[in-house]
Amino acid sequence: MAPKIFLTGATGYIGGDTLFALYDKHSDYEIAALVRTEDKAKAVKDAFPKVRIVLGGLGDAKILEEEAAKADIVIHTADASDNEGAAKAIAKGLASGHTKEKPGFWLHTGGAGILCWETMRDDDKLGEWSEREYNDWTAVKDLTGLPDDAFHKNIDDLVISSGSDSVKTAILCPPTIYGRGRGPLNTRSRQAYELAHLILTEQYIPIIGKGKARWNNVHVSDLAQLFVLLTEAAVSKNTDSKLWNDQGYYLVENGEHIWSDLARLMGKKATELGLIEKKELEEKSLGKDKAIEQAGFEAVSWGFNSRGKAERAKKVVGWQPKGPSIEDNVAEILKDEKSRLEKN
């Protein structure tokens with residue numbers, strides 16, 4: 122019998138690309154996708170005809186519980202790291218619908234903003250250089266034991282505490298994601314794209330705080346690949362403790378950038394490609410308030426440090442990221458943002 126997958130976020134960036142990758146490789150799986158509206162459902166159905174549409178939103182707890190109970194595997198990507206109600210409903214459904222003999226699996230999308238907790242506590246640290254680097258293989262307890270006030274920590278705790286003999290959980294924690302999504306609707310990420318947006322519209326290079334903050338990155342197709350690999354592990358009923366629950370915490374990165382260097386590269390490329398009027402862009406230093414005024418929370422994050430090593434996925438499921446680096450993707454990011462600006 123075909124495995125049953127329940128996926129949230131099919132119309133989003135991460136969920137759409139994951140659905141593309143999963144459907145492309147395993148069209149025989151029975152995939153159900155949560156979609157809010159009929160219009161969006163049509164877009165998903167047109168792209169993936171075999172997918173069963175579940176009309177509803179993250180606030181529909183009963184629907185989430187029922188679908189999680191029926192599914193062999195839940196892939197949760199829609200506002201996953203911040204919506205507590207949806208996470209509770211999924212946890213309740215998985216627990217009610219599964220047993221030790223027939224466990225349910227939960228692939229949950231976290232976020233590397235959780236690693237920024239030190240910088241977020243002190244505005245004076247904005248843009249500071251940091252040597253702190255987490256590791257999901259040699260020191261996974263450092264990740265599952267972060268301070269309670271760390272970004273997304275309450276949802277991480279909820280997911281991990283749901284793990285049992287009958288429910289197997291895995292948290293996939295991506296940093297800055299880039300690359301064109303292959304889903305039916307939203308194909309754009311945020312952090313690097315908002316940076317490109319600011320550079321193209323304001324025509325200067327933003328330097329946040331001291332300008333030395335570092336952050337990991339990953340191509341969206343590589344993130345989707347890991348979702349597929351862990352889904353396959355779940356389908357094969359691989360319950361090795363190194364994959365799930367307390368140990369199932371996956372940093373999903375394939376590189377690191379300094380935000381100010383990425384901004385400088387974007388500025389240089391924007392002028393080379395003729396996407397802006399100025400021939401040379403000046404740098405402007407922004408503190409927290411000015412950064413928020415210019416581009417919202419994303420701009421402040423360009424002054425945070427979020428650094429870790431993704432070893433677990435490579436060791437336990439053979440994850441091998443293959444996407445181009447974020448630096449090699451800068452021209453595409455800029456062109457996509459320019460096209461988006463012209464359409465709007």
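Per our numbering, residue 122 is the first one in the sequence shown, and the count goes up by one each step. Ideal placement from N, C-alpha and C gives every residue a C-beta, glycine not left out. Every value quoted in this text rests on a predicted model; they were computed, and no experiment measured them.
- According to the DSSP assignment, residue 314 belongs to the alpha helix (DSSP H) that extends over 312–323.
- The way I'd put it, the segment 150–164 doesn't touch the segment 357–375; fewer than three beta-carbon pairs between them come closer than 8 Å.
- Residue 289 places its beta carbon less than 7 Å from that of residue 226.
- When the beta-carbon positions are compared, residue 176 and residue 204 stay at least 7 Å from each other.
- When the Cα atoms are used, residue 139 and residue 433 turn out to be separated by approximately 20 Å.
- Boundaries of the alpha helix (DSSP H) harbouring residue 275: 274–283, taken from the DSSP string.
- Cβ neighbours of residue 332 within its own chain (closer than 7 Å, five residues either side excluded): 248 and 381.
- When the five nearest sequence neighbours on each side are left out, the beta carbons in the same chain lying within less than 8 Å of the beta carbon of residue 254 are those of 428, 429 and 430, in order along the chain.
- In this structure, the beta-carbon distance from residue 324 to residue 400 does not fall below 7 Å.
- In this structure the segment 183–202 does not touch the segment 257–266; the number of beta carbon pairs closer than 8 Å is below three.
- CA-to-CA, the gap between residue 302 and residue 308 works out to about 4 Å.
- A Cβ-Cβ contact shorter than 7 Å links residue 212 with residue 283.
- Closest option to residue 132, judged by alpha-carbon separation, among 151, 369 and 163: 163.
- For the pair of segments examined, the segment 264–277 was found to touch the segment 233–243: the number of CB pairs separated by less than 8 Å reaches three.
- DSSP places residue 161 inside the alpha helix (DSSP H), whose first and last residues are 159–168.
- Only residues of its own chain outside the window of five on either side were considered, and among them 454 and 458 have a CB closer than 7 Å to the CB of residue 314, listed in chain order.
- Judged by their CB atoms, residue 372 and residue 291 are not nearer to each other than the 7 Å cut-off.
- Where residue 292 is concerned, the enclosing beta strand (DSSP E) starts and stops at 288–294.
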